[in-house]
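First up is the structure itself, then whatever we jot down about it.
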Amino acid sequence: MKYCYSSNEKNAFNFYLMLEIMGQSTCYYLKIIMMVYVSINRMGS
1 MKYCYSSNEK NAFNFYLMLE IMGQSTCYYL KIIMMVYVSI NRMGS
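Position 5, counted from 1, in the sequence shown is what this note's numbering calls 5; the numbers after and before it change by one each time, with no gaps.
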């Protein structure tokens, strides 16, 4: 029982860690996309 609990806790922690990393990288990529978009618009005008 204790092993099951600790294993579930570990999985939940890994899941939240993965979500946090994914969220950070998504934000990072969105910033890059916005920068590229802005520079393309500046070149176009």
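Every residue gets a Cβ at the ideal spot worked out from N, C-alpha and C, and that includes glycine. Since the structure is predicted, the reported quantities are computational estimates derived from the model, not experimental observations.
- In this structure, the CA atom of asparagine 14 is about 14 Å from the CA atom of glycine 23.
- In this structure, the alpha-carbon of asparagine 11 lies about 24 Å from that of cysteine 27.
- Between isoleucine 32 and glutamate 9, the alpha-carbon positions lie close to 35 Å from each other.
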